[in-house]
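Protein chains in written order, with my numbering: chain A, 12 to 342; chain B, 12 to 342; chain C, 12 to 342; chain D, 12 to 342; chain E, 12 to 342; chain F, 12 to 342. Glycine included, every Cβ here is placed at the ideal spot set by N, Cα and C.
Number of protein chains: 6
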Amino acid sequence: MKDIYIADLANFDEGKLFDGYFLVLAKQQRTTKTNKPYLNLILGDKTGQLEGRVWEPGDPRIAKDFERGDVVKARGSASRFDDRLQMKIDQLRVALPAEVDKSDLLPSTTQDVGVLWHALLGFVESFTNPDLKRLLTTMLDDPALAQDYREAPAARQLHHAWLGGLLEHVVSLCTLAERVATHYPILDRDLLMTGVILHDIGKLRELSWETGFDYTVEGALLGHIQIGTALTERAIDSLPNFPPKLKTLVLHMILSHHGKLEFGSPKLPMIPEALALSFLDDLDAKMQAMQGEFDKCLREGKPADEMTGKVWALDQRQLLNTKRWLGESRE
Amino acid sequence: MKDIYIADLANFDEGKLFDGYFLVLAKQQRTTKTNKPYLNLILGDKTGQLEGRVWEPGDPRIAKDFERGDVVKARGSASRFDDRLQMKIDQLRVALPAEVDKSDLLPSTTQDVGVLWHALLGFVESFTNPDLKRLLTTMLDDPALAQDYREAPAARQLHHAWLGGLLEHVVSLCTLAERVATHYPILDRDLLMTGVILHDIGKLRELSWETGFDYTVEGALLGHIQIGTALTERAIDSLPNFPPKLKTLVLHMILSHHGKLEFGSPKLPMIPEALALSFLDDLDAKMQAMQGEFDKCLREGKPADEMTGKVWALDQRQLLNTKRWLGESRE
Amino acid sequence: MKDIYIADLANFDEGKLFDGYFLVLAKQQRTTKTNKPYLNLILGDKTGQLEGRVWEPGDPRIAKDFERGDVVKARGSASRFDDRLQMKIDQLRVALPAEVDKSDLLPSTTQDVGVLWHALLGFVESFTNPDLKRLLTTMLDDPALAQDYREAPAARQLHHAWLGGLLEHVVSLCTLAERVATHYPILDRDLLMTGVILHDIGKLRELSWETGFDYTVEGALLGHIQIGTALTERAIDSLPNFPPKLKTLVLHMILSHHGKLEFGSPKLPMIPEALALSFLDDLDAKMQAMQGEFDKCLREGKPADEMTGKVWALDQRQLLNTKRWLGESRE
Amino acid sequence: MKDIYIADLANFDEGKLFDGYFLVLAKQQRTTKTNKPYLNLILGDKTGQLEGRVWEPGDPRIAKDFERGDVVKARGSASRFDDRLQMKIDQLRVALPAEVDKSDLLPSTTQDVGVLWHALLGFVESFTNPDLKRLLTTMLDDPALAQDYREAPAARQLHHAWLGGLLEHVVSLCTLAERVATHYPILDRDLLMTGVILHDIGKLRELSWETGFDYTVEGALLGHIQIGTALTERAIDSLPNFPPKLKTLVLHMILSHHGKLEFGSPKLPMIPEALALSFLDDLDAKMQAMQGEFDKCLREGKPADEMTGKVWALDQRQLLNTKRWLGESRE
Amino acid sequence: MKDIYIADLANFDEGKLFDGYFLVLAKQQRTTKTNKPYLNLILGDKTGQLEGRVWEPGDPRIAKDFERGDVVKARGSASRFDDRLQMKIDQLRVALPAEVDKSDLLPSTTQDVGVLWHALLGFVESFTNPDLKRLLTTMLDDPALAQDYREAPAARQLHHAWLGGLLEHVVSLCTLAERVATHYPILDRDLLMTGVILHDIGKLRELSWETGFDYTVEGALLGHIQIGTALTERAIDSLPNFPPKLKTLVLHMILSHHGKLEFGSPKLPMIPEALALSFLDDLDAKMQAMQGEFDKCLREGKPADEMTGKVWALDQRQLLNTKRWLGESRE
Amino acid sequence: MKDIYIADLANFDEGKLFDGYFLVLAKQQRTTKTNKPYLNLILGDKTGQLEGRVWEPGDPRIAKDFERGDVVKARGSASRFDDRLQMKIDQLRVALPAEVDKSDLLPSTTQDVGVLWHALLGFVESFTNPDLKRLLTTMLDDPALAQDYREAPAARQLHHAWLGGLLEHVVSLCTLAERVATHYPILDRDLLMTGVILHDIGKLRELSWETGFDYTVEGALLGHIQIGTALTERAIDSLPNFPPKLKTLVLHMILSHHGKLEFGSPKLPMIPEALALSFLDDLDAKMQAMQGEFDKCLREGKPADEMTGKVWALDQRQLLNTKRWLGESRE
């Protein structure tokens with residue numbers, strides 16, 4: 012485990028030395044006003060990112076061979092210039108694989124991935140439709156896919172944007188979908204669940220999460236809706252005697268899950284399960300975005316009766332944390 | 012109970028006499044091409060409406076004193092002209108109050124209103140927040156309001172457009188909201204429930220359902236969002252020591268429940284409970300609209316593999332009844 | 012070849028007998044005002060469709076065993092009721108396969124399909140990129156696909172809505188794309204051409220054209236963009252060593268060819284070839300729609316200085332046929 | 012009256028000492044690059060706001076007990092760093108109530124509030140409709156409401172965003188509405204006037220103007236349309252025998268005055284008076300925004316033939332001051 | 012003056028003979044079910060239009076030589092078929108020029124055109140800006156333009172759609188603009204007035220009003236904004252020493268008077284006068300549309316407490332006639 | 012030719028002296044933190060623009076008499092402050108006309124303007140329609156107009172934003188239009204060409220390109236669509252016997268070439284030539300914008316597999332350079 016995190020530096024005494032492991036997110040050569048060269052870095056870990064400056068790039072204690080994407084061990088101190096926190100780096104070398112845990116370097120779920128994965132498999136286990144059960148079992152049994160499914164964020168920014176975020180989002184949705192499926196007899200529960208589990212599976216290839224969260228070129232050009240549909244179609248076609256109608260319905264659910272053409276779904280939901288999926292997916296994403304916003308306000312020490320700033324993931328609206336606001340009024 | 016319903020006439024032998032009770036939805040004086048006067052009526056009951064013609068308005072067996080909104084007993088026969096069904100009315104008189112059951116004359120819920128009402132009160136009973144419980148108890152104890160709440164449709168056309176439709180929609184939403192509230196710890200369950208129960212209460216005065224479903228002038232000019240907010244605010248103000256913050260939150264939920272400005276909500280949902288309410292309300296309305304559309308296709312004998320027509324309540328999209336389509340493929 | 016076409020009936024002497032072959036587009040049992048049963052039919056051929064009535068359905072000269080989708084031989088006369096043309100059918104039987112040419116029964120291209128197909132293959136032949144050439148050769152060599160490609164309409168209604176319309180549209184686009192590719196060095200000509208030839212290939216399964224033009228259930232739920240992408244991906248995956256980057260680009264062109272999310276493309280064009288394809292496709296469709304509208308005005312005898320009606324395929328705008336308008340002014 | 016205003020400092024000799032009274036709009040602890048603590052303040056008055064730095068926060072001449080929202084007396088000098096003006100504060104203490112006039116600390120109307128108020132009462136006095144007259148008289152007689160009405164800004168930013176701005180806007184609208192009411196016989200003059208006077212009354216509680224202009228939590232969650240409607244409804248309900256139809260119309264005018272659903276009006280104007288109100292309100296706000304923009308250009312010394320920047324309150328369009336542009340061309 | 016008007020026929024005894032002058036709006040050859048030829052006409056006058064049938068087109072009392080656009084004298088009777096009023100025409104001849112007054116045949120203003128014209132000239136007379144005065148004087152002195160200005164409707168359908176409607180609309184706007192110009196010192200009164208008088212002058216050529224109201228081809232292709240700007244520019248260029256800045260401003264007002272790009276103005280209003288013009292023009296059009304709708308309801312005998320239907324010219328909203336609704340409540 | 016360009020300074024040794032000619036784009040008086048006055052300049056040439064500071068404005072080697080818009084000769088050095096490049100100016104004087112070539116000071120086409128102009132005249136020469144030929148010949152023969160046509164940029168920013176950009180864009184479009192005109196027999200080739208050559212001619216007065224690219228006041232208030240239409244109309248009116256229909260068509264093409272009302276065209280394209288023009292104009296602009304973006308990425312050394320940033324001229328989408336991406340994959 013890391014000793015110091017980016018988020019800790021805000022409260023660190025200025026000038027005091029620290030040692031830490033960070034992911035190099037950017038690296039640039041620059042010169043000062045007086046024409047002296049220095050290195051400007053963006054260093055990050057799971058708690059955030061910060062600018063770091065190497066004023067003596069020629070110092071032998073500063074490695075020459077590190078690049079964007081490397082993990083480094085750095086010694087330095089924190090300082091504040093014109094009210095902006097910075098790191099001053101005195102020593103730096105590439106970290107050994109054994110020294111670092113990738114989950115320390117990118118934000119990741121606070122839940123236990125093993126438990127989440129077990130829950131997901133449990134939902135599949137509960138299916139009564141043999142075709143859908145065999146489809147999901149086949150897909151989730153693929154070790155590479157399963158590994159990615161456990162790691163992938165649910166989005167680059169908006170909601171569940173952390174390692175394991177996709178799995179966390181899907182398991183939350185499974186629980187929710189189960190409750191809703193029971194409520195509406197019109198819904199085929201296993202079909203809805205299948206849509207929940209597969210709707211974002213294209214993100215396993217749309218996004219990369221090695222050095223920060225980003226889109227792959229394939230992801231940018233095709234999108235996770237197309238990638239996920241194709242992945243699923245290939246899996247279905249590998250199964251003998253999968254009912255063609257069921258195949259059409261499963262693919263339709265992935266295609267239509269954004270609910271609107273302008274959100275990138277080429278088809279509107281036209282079956283009850285697809286309609287329900289698009290609502291629940293959107294609701295779960297927004298509830299998480301709200302929760303994340305409230306957590307951030309708490310961390311930043313905002314008073315309970317101050318609305319949040321304008322939240323991008325919620326159409327620029329401002330929010331109020333009901334429970335906290337009411338709670339304080341009772342004290 | 013009525014002997015014959017509008018919906019039955021489609022399969023009635025042409026020319027055969029029937030007796031029935033109908034609501035007069037329109038009444039006009041007209042003349043034939045040869046200048047002979049006749050009466051043109053629109054008669055309705057819970058199963059639909061149909062044109063009826065009185066060719067001998069001077070016949071003593073035809074009452075003179077009936078108006079739009081009256082219930083009449085009529086004797087006549089069905090016929091089809093240029094492929095359009097019509098009634099030919101031979102005798103007609105105003106019905107006695109004892110002869111008719113209003114629920115026969117307008118479409119009404121197929122569920123037991125007493126059971127639904129009991130369920131609603133049960134939800135209120137389960138509240139742990141004393142202020143919200145006392146607010147809802149006070150409002151639902153008002154006999155006039157309670158009577159309207161049990162009768163009102165949820166809409167003029169789009170969804171749950173039948174007597175008792177509002178209550179049916181709200182009870183469905185309560186069950187659903189309970190399940191969702193448990194899933195998200197961020198949600199204050201009683202506040203969400205309060206929003207569910209009160210969100211459409213303005214419809215008790217926005218709509219009239221005496222002679223068909225229509226908007227009142229007050230309803231057209233103010234809308235159920237404003238009417239419901241005012242109704243609730245008055246109820247709150249009548250309660251001693253109701254917490255002002257809680258009042259603001261309850262009113263905000265009613266105001267924002269349409270989820271978007273362009274749908275007539277003057278505020279977007281800004282608290283978790285309001286966000287959840289707007290999603291669940293929309294989902295429940297759309298699931299009912301889907302169900303209603305599928306029922307209609309079944310009644311009309313459409314084949315299972317034919318998409319529905321373009322459904323107005325669902326942005327003109329066409330729908331497919333998953334279970335029926337899959338079901339037939341297994342036979 | 013047929014002796015009489017729907018379009019001819021408008022100028023046919025009322026009452027005079029005709030014999031003709033028609034496609035049964037609809038068939039309904041009805042009764043007259045006096046309770047007499049009759050059959051109401053919609054009969055069509057490549058020139059249009061018309062209502063036909065069988066007033067004596069019990070007549071032995073009227074077949075009992077025909078259904079929607081059958082081709083029938085009918086004898087009857089044309090008449091006009093309340094300014095609306097109708098057929099009165101006296102005799103009717105199911106046509107023998109040998110008696111009819113399907114291309115007589117649905118509107119179809121006025122160009123020679125063999126010539127068009129040859130032109131298409133010629134474009135593929137001219138490719139210098141071996142991978143794209145082998146992809147298209149493989150796909151177009153599939154006899155079933157080739158048969159469908161020669162028959163399919165380009166759309167249900169808006170443009171090139173006739174048998175062979177897709178092929179006609181694609182060959183027009185190939186010629187155009189060739190000219191544009193030469194103009195912009197930034198464009199990869201073979202990649203652009205590949206996009207042109209494959210962009211609408213999903214329509215082979217999205218649409219059915221046996222009994223009028225309609226959407227299949229699969230087409231309605233998945234859309235031709237998804238169907239075409241999947242078809243192409245499968246073809247690519249069957250080819251050894253197809254470059255993965257090229258695959259991504261080809262799929263991107265199909266996905267993005269509608270040019271806007273709200274038109275059902277899940278991705279905007281992000282490469283020069285996709286941008287050019289979306290422009291040319293749209294331009295060619297609109298030019299054809301204009302041409303079709305002008306032809307219709309000519310057929311209907313509208314004067315040269317009268318704007319067309321509001322054209323649905325062109326955002327409800329009215330059009331003017333420049334050449335005709337100028338031409339007349341010179342006479 | 013204050014001796015020095017924020018706006019004066021731009022032309023103040025650098026380094027020369029000033030004494031002034033300011034409103035503390037923000038207060039933060041910071042440290043310099045060399046880890047020395049200092050205070051960063053935002054100080055404001057009616058002419059603007061400026062950053063101020065206390066480099067010696069431990070100096071006994073610097074008060075410890077002031078907070079955001081306090082009015083302070085400060086001694087210091089102005090300086091410019093990297094072309095940005097700043098205050099360097101040497102002494103600072105909380106001001107005594109008697110020392111300051113609140114209207115010096117926030118921008119406020121340049122008109123005489125007493126005269127405006129008198130004009131407003133004069134309009135009410137002129138009513139011939141006794142019910143509307145008694146409604147307005149009752150409301151404006153409430154001393155707390157009257158006090159707020161005289162102080163409130165008309166908006167947080169867009170137009171009339173200064174103390175007394177609401178009253179100024181309403182009196183301007185009254186004069187305008189009087190002229191328009193005479194022009195259209197269809198308009199009920201007193202009803203239109205009532206709408207003018209009450210349309211923004213909810214802003215008295217939607218906005219706070221103690222320490223800068225901001226939204227209250229109630230204002231953010233309910234909005235001035237709902238707050239104003241409720242306030243008015245309560246006043247009406249307190250009057251014996253107020254005609255119910257008139258009540259509906261008055262409330263409708265407040266509800267619909269933004270003219271469009273997407274601007275937060277839950278109802279479109281459906282009566283002539285509401286339509287006229289929405290037009291005049293919008294016109295007056297935009298004319299004031301134009302005037303304000305032109306005044307700013309003049310202050311900043313922009314030449315007469317230069318368009319303004321993109322004006323946010325006018326859909327980002329650029330403006331030209333006609334009179335000034337023409338005027339110069341005549342010199 | 013005509014003896015009988017279309018509007019009178021609704022209350023005319025069926026079968027009774029009338030004589031009247033009508034404009035032929037359409038003329039078609041048709042045959043009956045029994046193959047008998049007849050003529051179908053649409054006849055109109057200023058009060059409306061109606062279908063007329065000539066059952067004996069060979070009768071020598073029926074002229075052969077009339078066409079669409081002619082004025083005819085017809086003798087016949089009114090009858091009602093399937094609740095739709097019709098004329099049965101027994102005699103018909105082309106009317107002599109002396110027999111008819113064109114203003115009887117198309118709807119026309121109820122105000123005195125001479126008085127309106129005089130008022131318009133009076134406004135021009137009152138100008139103090141000599142350039143604008145000389146521009147308008149020159150234009151309105153052109154006899155052909157002045158004649159058209161007195162006749163033109165203000166629109167084909169939406170508002171002031173009658174002969175003299177444009178003049179009526181402009182004079183109403185002049186009065187209104189005068190009042191508003193006095194209210195805002197920022198406004199150059201003569202420039203605003205010039206915009207009012209010229210903003211729709213392109214309609215003199217965009218519309219034709221000989222045989223019903225329609226667009227000319229030039230009008231359809233260029234639009235009244237372009238036509239009016241060009242007309243004005245030509246007039247300005249014919250005046251010696253007209254100030255170029257003033258020319259730009261006048262043209263800008265015509266160009267931008269629709270207020271939004273999507274309403275066909277290629278520029279948004281960027282000067283105060285243009286902004287005011289776009290508001291007042293829209294307000295006056297909508298007030299007239301409201302008045303027209305209320306008049307229609309009154310004519311049709313709708314009760315005072317029934318909202319109008321959805322009004323196309325007012326974004327499909329329903330309206331309520333305030334004064335009438337309140338009035339009845341006082342009776 | 013200039014010795015040093017703005018773009019070169021990024022790689023210039025800090026502190027080393029340079030001499031260069033620059034256009035003064037802005038000039039401001041400022042003072043340092045210590046109250047010392049200095050001059051802040053924005054200097055530009057065809058390769059970009061940069062901030063320059065004169066720390067000793069009183070130095071006799073610094074001219075007093077230069078203004079925004081002047082070309083100056085400056086001696087100084089480049090330095091970097093907080094990672095932002097700056098010039099430090101030691102000497103500065105106004106350049107002599109003979110010393111500078113205007114095409115060095117603003118970005119300009121890399122093509123030969125003489126060749127482009129010749130190509131344009133060649134297209135006109137090829138016309139078979141005598142009226143259109145004489146119209147274009149007359150206009151392009153006007154020396155002032157021809158001079159402007161050869162210099163004008165096609166836009167202020169989005170595409171072809173350099174001297175000669177308009178001519179370059181038009182000649183590209185002519186070639187393209189020629190190819191498309193041959194493809195669609197419905198198109199009148201000379202009319203389409205006329206539209207191509209005249210569609211942006213209003214930019215000659217909408218834009219100014221003396222001191223950077225900017226809008227004139229006339230341009231801002233009227234726009235190039237109106238200015239170009241008027242210019243063309245005047246030219247047509249000066250030609251004897253120009254066919255009026257042809258005039259309407261030519262003007263319609265200029266008016267409608269933006270293709271949508273919301274893009275500032277007051278009319279949608281309603282004739283085939285106008286439709287084609289709007290497509291080709293948009294396509295050519297976007298192809299150039301893509302090319303420009305790819306060139307920029309290459310200059311900045313971006314890797315071939317990195318998408319571009321969000322491109323403003325292409326609806327904020329990101330782009331991929333197909334050829335470069337594929338090319339690298341083959342190496």
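Annotation: the continuous beta strand (DSSP E) that includes residue 50 of chain F extends over 48 to 56. In the structure shown, the three-state DSSP call for residue 98 of chain A is strand. Residue 275 of chain E carries a coil assignment under DSSP once its states are collapsed to helix, strand and coil. Under the 7 angstroms criterion on CB atoms, residue 35 of chain A is classed as non-interfacial with respect to chain F. Remark: C-beta atoms of residue 201 of chain A and residue 138 of chain A approach each other more closely than 7 angstroms. Under the 7 angstroms criterion on CB atoms, residue 65 of chain A is classed as non-interfacial with respect to chain F. Under DSSP, residue 31 of chain B forms a beta bridge with B:85. Inclusion of residue 319 of chain F and residue 282 of chain C in the CB contact set at 7 angstroms is not warranted, their separation being larger than that value.
Excluding residues up to 5 positions away in sequence, 117, 162, 163, 164 and 174 lie with their Cβ nearer than 7 angstroms to the Cβ of residue 220 of chain A in the same chain. The continuous alpha helix (DSSP H) containing residue 131 of chain D extends over residues 124 to 136. For residue 318 of chain C, the C-beta contacts it makes with chain E under 9 angstroms involve 226, 228, 231 and 232, in order along the chain. Taken through DSSP and simplified to helix, strand or coil, residue 14 of chain E comes out as coil. Cα atoms of residue 211 of chain E and residue 167 of chain E: separation of roughly 13 angstroms, rounded to the nearest angstrom.
Residue pairing of residue 322 of chain E in beta bridges, as defined by DSSP: E:328.
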